[in-house]
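**Student:** This is the structure I have questions about; it appears just below.
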Amino acid sequence: MKVLVIGLGSMGRRRLRNLRYLGVEQLGGMEPASERREQVGGEFEIPTFATLAQGLGWQPDAVVISTPPDQHTGYAIEAAKLGLPFFTEAGTVTERMDELIATVAQTGAIAAPSCTLRFHSAVQLMRRRLAEGAIGRPLVVTYHVGQYLPDWHPWEDYRSFYVAQRRTSAVREVVPYELNWLTYLFGSVTELNGFRGKLSQLDADIDDYLAGLLRFESGVHCTLVAEVISRPALRLARIVGEEGTFEWDWNARVVREWRAAEEKWVEHPDPEPIVGPGGKWVAENMYIEEMRGYLRAIEHGQGEWPLSLDGDFALLQMLEELEAASDEQRRFVGESVRPGLGGGVGAVAG
1 MKVLVIGLGS
11 MGRRRLRNLR
21 YLGVEQLGGM
31 EPASERREQV
41 GGEFEIPTFA
51 TLAQGLGWQP
61 DAVVISTPPD
71 QHTGYAIEAA
81 KLGLPFFTEA
91 GTVTERMDEL
101 IATVAQTGAI
111 AAPSCTLRFH
121 SAVQLMRRRL
131 AEGAIGRPLV
141 VTYHVGQYLP
151 DWHPWEDYRS
161 FYVAQRRTSA
171 VREVVPYELN
181 WLTYLFGSVT
191 ELNGFRGKLS
201 QLDADIDDYL
211 AGLLRFESGV
221 HCTLVAEVIS
231 RPALRLARIV
241 GEEGTFEWDW
251 NARVVREWRA
261 AEEKWVEHPD
271 PEPIVGPGGK
281 WVAENMYIEE
291 MRGYLRAIEH
301 GQGEWPLSLD
311 GDFALLQMLE
321 ELEAASDEQR
331 RFVGESVRPG
341 LGGGVGAVAG
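Take the sequence shown: its position 136, counted from the start at 1, is 136 in my numbering, and no numbers get skipped.
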């Protein structure tokens with residue numbers, strides 16, 4: 001199999017690494033920036049191309065699209081027109097999604113929108129244990145995910161790439177990325193409200209946090225906080241059921257399960273990180289499993305992939321709904337309520 005990776009930034013390099021680990025030997029890269037093209041081509045010893053036409057002229061059997069989020073759909077449409085299987089990284093914009101869905105329906109191309117966290121061992125564990133009734137009926141979820149934006153790519157200025165642009169900002173990328181696994185566990189979102197803004201002194205015209213209140217079709221209520229302020233990075237989820245609780249601590253690499261009937265915690269640690277060139281690839285397991293799933297879908301058909309284009313489109317629309325809810329539905333505490341509340345830490349005396 002020949003796989004063309006479109007976009008050779010950090011995620012493109014990761015996908016090349018994943019595919020090579022899985023035994024795909026014929027890899028190519030497409031990247032407009034000549035310096036990056038030469039660097040990655042030399043590092044992986046692969047042919048590289050400056051344009052999509054050149055890359056498609058290499059006659060790949062499948063493509064992986066790892067460009068900035070607002071460029072995914074255009075490349076995907078071109079692949080779909082040729083009937084080529086394509087994988088796209090997590091997106092942030094809905095433009096041309098209708099066109100992409102229609103093109104795939106016409107040509108039958110295998111479409112694999114990213115759903116990385118569905119391949120994480122902790123998410124798979126919680127999904128399985130929920131189905132087994134381990135904590136009874138799930139009722140409430142609190143979830144906080146955050147990482148200081150300059151730490152995303154410490155080797156480059158955060159203001160120089162897409163996470164600091166409003167349409168493709170880091171928070172806009174994080175929210176559908178996280179809703180992906182939440183809907184995998186609890187079903188579609190039926191009601192939501194949101195609150196977003198800029199709180200930090202990051203030098204970028206973006207929202208640095210978004211908080212959402214969600215109700216899923218399963219009846220579960222969820223509070224989601226996504227931000228790009230936290231130092232150190234964190235991902236903490238707590239799922240409360242009628243007969244127990246799950247706690248997912250990303251940094252500790254563990255899911256803790258409280259069994260109410262036994263009054264004890266049971267820990268489910270993540271598998272050991274995969275060892276590749278240079279040592280342990282921490283957090284790489286889920287990306288490798290995602291690429292393994294993509295190769296399986298190419299071999300066996302669309303039904304092997306856990307997220308449809310329609311589902312991906314719905315996640316991006318949920319992001320827009322959360323932003324709209326924040327802009328349109330804000331409620332402010334009236335003057336009559338404010339006296340007597342006192343000043344919290346950091347309150348400004350007036």
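Beta carbons are placed, not taken as given, at the ideal position from N, Cα and C, and that holds for glycine.
Would you report the Cα separation of Val-240 and Asp-70, rounded to the nearest angstrom?
**Tutor:** Here residue 240 corresponds to residue number 240 of the sequence shown, with the count starting at 1. Here residue 70 corresponds to residue number 70 of the sequence shown, with the count starting at 1. Roughly 36 Å separates the two Cα atoms.
**Student:** Rounded to a whole number of angstroms, what is the C-alpha to C-alpha distance between Pro-113 and Ser-308?
**Tutor:** For the purposes of this step, residue 113 is identified with residue 113 of the sequence shown, where counting begins at 1. For the purposes of this step, residue 308 is identified with residue 308 of the sequence shown, where counting begins at 1. Answer to the nearest angstrom: the Cα atoms are 7 Å apart.
**Student:** Please say whether Phe-86 and Pro-138 have beta carbons closer to each other than 8 Å?
**Tutor:** For the purposes of this step, residue 138 is taken as the residue at position 138 of the sequence shown. For the purposes of this step, residue 86 is taken as the residue at position 86 of the sequence shown. No; because the gap between Cβ atoms is not below 8 Å, this pair is not in contact.
**Student:** Could you compute how far the alpha carbon of His-221 sits from the alpha carbon of Leu-213?
**Tutor:** Your numbering for residue 221 matches position 221 in the sequence shown. Your numbering for residue 213 matches position 213 in the sequence shown. The straight-line gap from Cα to Cα measures roughly 7 Å.
**Student:** Run through the DSSP bridge pairs and tell me what Met-30 is partnered with.
**Tutor:** Locating residue 30 in the sequence shown gives position 30, counting from the first residue. Its beta-bridge partners are Ile-6, Phe-49.
**Student:** Please report the Cβ distance between Val-419 and Phe-216, rounded to the nearest whole angstrom; I am assuming they are in contact, meaning their Cβ atoms lie under 8 Å.
**Tutor:** In the structure as shown, the chain begins at 1 and stops at 350. Residue 419 is therefore absent and cannot be evaluated.
**Student:** Taking the Cβ atom as the reference point for each residue, do Val-145 and Trp-152 lie within a distance shorter than 8 Å?
**Tutor:** Along the sequence shown, read from residue 1 onward, the residue named residue 145 stands at position 145. Along the sequence shown, read from residue 1 onward, the residue named residue 152 stands at position 152. Not in contact: Val-145 and Trp-152 (Cβ atoms no closer than 8 Å).
**Student:** On the DSSP letters alone, give me the boundaries of the beta strand (DSSP E) that Ile-239 sits inside.
**Tutor:** Taking the sequence shown and counting its residues from 1, the one referred to as residue 239 is at position 239. Taken as a continuous stretch (DSSP letters only), the beta strand (DSSP E) holding Ile-239 covers 234-241.
**Student:** Going along the chain, which residues of its own chain have a beta-carbon closer than 6 Å to the beta-carbon of Gly-354, five neighbours each way excluded?
**Tutor:** In the structure as shown, the chain starts at 1 and stops at 350, and residue 354 therefore has no counterpart that could be examined.
**Student:** Per DSSP, which residues does Lys-264 bridge with? Please list them.
**Tutor:** Start at 1 with the first residue of the sequence shown, and residue 264 comes out as number 264. Partner(s): Arg-259.
**Student:** Among Arg-259, Arg-235, Val-104, Leu-27, which one has its Cα closest to the Cα of Phe-246?
**Tutor:** Along the sequence shown, read from residue 1 onward, the residue named residue 246 stands at position 246. The shortest C-alpha separation from Phe-246 is found at Arg-259.
**Student:** Could you tell me whether the region 196-209 touches the region 176-186, using the rule of 3 or more Cβ pairs below 8 Å?
**Tutor:** Counting Cβ pairs under 8 Å, fewer than three are found: no touch.
**Student:** On the premise that Glu-89 lies in contact with Met-11, defined as a C-beta separation below 8 Å, what is that separation, rounded to the nearest angstrom?
**Tutor:** One-based indexing of the sequence shown puts residue 11 at position 11. One-based indexing of the sequence shown puts residue 89 at position 89. Rounded, the Cβ-Cβ distance is 6 Å, consistent with contact.
**Student:** Using CA coordinates, which residue listed in Ser-326, Arg-14, Ile-206, Phe-44 is at the minimum distance from Gln-26?
**Tutor:** One-based indexing of the sequence shown puts residue 26 at position 26. Nearest of Ser-326, Arg-14, Ile-206, Phe-44 to Gln-26, Cα basis: Phe-44.
**Student:** Just curious, the alpha helix (DSSP H) that Arg-78 is in, first and last residue?
**Tutor:** In the sequence shown, the residue the question calls residue 78 occupies position 78. According to the sequence as given, residue 78 is Glu; it is not Arg. It spans 72-81 - the alpha helix (DSSP H) in which Glu-78 sits, taken as one unbroken run.
**Student:** Is Leu-295 buried or exposed, if buried means 16 or more other CB atoms sit within 10 Å of its CB?
**Tutor:** Walking along the sequence shown from the start, residue 295 turns up at place 295. Leu-295 should be labelled buried.
**Student:** Can you tell me which of Pro-47, Gly-57, Thr-67, Gln-59 puts its alpha carbon nearest to the alpha carbon of Gly-9?
**Tutor:** If you number the sequence shown from 1, residue 9 lands on position 9. When each option's Cα is compared against that of Gly-9, the closest is Thr-67.
**Student:** Return the CA-CA distance between Glu-263 and Pro-269, expressed in angstroms with no decimal places.
**Tutor:** Taking the first residue of the sequence shown as position 1, residue 263 is located at position 263. Taking the first residue of the sequence shown as position 1, residue 269 is located at position 269. So the two alpha carbons sit approximately 20 Å from each other.
**Student:** Closest to Ser-169 by C-alpha separation, out of Tyr-143, Pro-150, Arg-17, would be which residue?
**Tutor:** In the sequence shown, residue 169 corresponds to position 169, counting from 1. When only C-alpha atoms are compared, the closest one is Pro-150.
**Student:** Roughly how many angstroms separate the alpha carbons of Trp-265 and Glu-289, rounded to a whole number?
**Tutor:** Start at 1 with the first residue of the sequence shown, and residue 265 comes out as number 265. Start at 1 with the first residue of the sequence shown, and residue 289 comes out as number 289. Roughly 28 Å separates the two Cα atoms.
**Student:** Return the residue from the list Val-64, Val-104, His-72, Arg-36 that minimises the CA-CA distance to Gln-302.
**Tutor:** In the sequence shown, residue 302 corresponds to position 302, counting from 1. When only C-alpha atoms are compared, the closest one is Val-104.
**Student:** Does the beta-carbon of Leu-316 have 16 or more other beta-carbons within 10 angstroms, so that it is buried, or is it exposed?
**Tutor:** The residue you call residue 316 lines up with position 316 of the sequence shown. Buried is the call here.
**Student:** Could you please give the first and the last residue of the uninterrupted beta strand (DSSP E) stretch that includes Gly-376?
**Tutor:** There is simply no residue 376 to check, as the chain begins at 1 and stops at 350 in what is shown.
**Student:** Could you tell me the alpha carbon to alpha carbon distance between Glu-284 and Leu-192, rounded to whole angstroms?
**Tutor:** Counting from 1 along the sequence shown, the entry for residue 284 is found at position 284. Counting from 1 along the sequence shown, the entry for residue 192 is found at position 192. About 32 Å.
**Student:** Determine which residues share a DSSP beta bridge with Cys-222 and list them.
**Tutor:** Translated into the one-based positions of the sequence shown, residue 222 becomes position 222. The partner list for Cys-222 (beta bridge, DSSP) reads Val-141, Leu-214.
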